[in-house]
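Working notes, structure below.
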Amino acid sequence: MISDRKTIQTEAERLHGIKYPGTLEDMIDYRLYLVYRDCGYVTEKVCKREYGISRRRLRIIFSLVHCEGITVSELARRAELDMAQTSRTIGTMMREGFLRRLSNPQNARFAQVVLTDKGRQLYNDILGRYRSINQSLLAPLDDQELLMLDYLLDKLRASAADLESRTAKASAALVDDQK
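To get my numbering, take the position in the sequence shown, counting from 1, and add 90.
As structure tokens, then:
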């Protein structure tokens with residue numbers, strides 16, 4: 091449910107809540123989670139009901155369409171999944187006939203993953219439906235808002251990556267100091 095609390099706040103109060111969050115509902119990561127959850131519910135439902143696949147599998151297929159023949163580790167990186175999840179999902183998708191693994195005789199760790207005809211067909215079938223959902227979710231935004239959303243999402247991801255890097259360095263320094 092979308093909170094109506096925002097409608098009774100002044101712009102200054104809203105800005106203060108964003109800069110200095112005092113409640114869970116003010117936290118940017120929580121608000122982004124709610125968007126992800128709500129949008130994800132729609133796409134997950136369509137993927138499962140109409141195509142019988144999870145969004146994880148969809149990410150793997152979409153990732154492979156544009157860079158077939160990559161290694162499992164590269165696929166995990168591109169699909170933003172951990173290696174264990176990716177390996178398990180690839181195994182299942184191979185048994186179901188969506189993917190094929192091409193072995194590398196020099197080094198088994200560098201086996202390549204490719205889509206089968208069945209995997210490509212699933213991509214072609216689902217792409218139009220997925221675009222339609224995406225367009226419906228973005229319909230309330232005008233072109234300027236879409237560009238601003240795109241810019242802001244990129245900026246937030248960069249900020250999160252920077253924060254993660256600084257946090258990891260600070261944690262490593264703390265461990266070094268304790269030795």
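Ideal Cβ placement from N, Cα and C applies to all residues, glycine included.
Since the model is a prediction, treat every value here as computed from it, not as a measurement.
For residue 197, the closest of 206, 229 and 162 by C-alpha to C-alpha distance is 162. Taking the CA atoms as reference points, residue 166 sits about 32 Å from residue 115.
Judged by DSSP secondary structure, residue 202 falls within the beta strand (DSSP E) whose first and last residues are 202-205.
For the 8 Å CB-CB criterion, residue 183 and residue 189 form a contact. Annotated three-state conformation of residue 176 is helix, per DSSP.
For residue 143 and residue 215, the gap between their C-alpha atoms comes out near 12 Å.
As the crow flies, the alpha-carbon of residue 227 is around 32 Å from that of residue 255. It is roughly 11 Å from the alpha-carbon of residue 240 to the alpha-carbon of residue 247. Spatial neighbours of residue 132 in its own chain (CB-CB distance under 8 Å, excluding positions within 5 residues in sequence) are listed in chain order as 223 and 227. Here the alpha carbons of residue 119 and residue 205 stand approximately 35 Å from one another. A straight-line Cα-Cα distance of about 33 Å links residue 157 and residue 230.
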